[in-house]
Amino acid sequence: MVFPKTSATTLIFFTIAATYVLSLSLHLKDQIKHPHKHISIPCLLKNFSTYISNTHALLLHLLPF
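Just so you know, my numbering puts 161 at position 26 of the sequence shown, and the rest follows in order with no gaps.
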């Protein structure tokens with residue numbers, strides 16, 4: 136199977152986006168189980184910045200830059 140050429144920036148962006156969508160879906164699943172908890176925008180932004188830094192750290196270990 137031949138994959139089209141993609142830049143490292145594109146791969147990093149999609150990795151971060153996929154990780155965040157997964158974390159958001161898990162958060163919303165928890166929200167359905169516990170409806171008394173309120174979802175907040177600052178909490179989502181904090182989670183997003185955490186996932187960006189975690190993904191960046193992971194990519195630094197995996198990619199030979």
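C-beta atoms are modelled at their ideal positions from N, C-alpha and C, and glycine is treated no differently.
From the DSSP output, in three-state form, read off S175 for me.
-> Within the sequence shown, residue 175 is the residue found at index 40, counting from 1. Coil, per DSSP.
For Y186 and S158, believed in contact at Cβ under 8 Å, the rounded distance | Indexing the sequence shown from 1 puts residue 158 at position 23. Indexing the sequence shown from 1 puts residue 186 at position 51. At roughly 6 Å, the Cβ-Cβ gap stays under 8 Å, so S158 and Y186 are in contact.
For the region 138-169, which segments carrying the alpha helix (DSSP H) assignment without a break, of at least 4 residues, lie completely within its bounds, in sequence order?
-> The region 138-169 contains, as complete alpha helix (DSSP H) runs of 4+ residues, the segments 143-168 (chain order).
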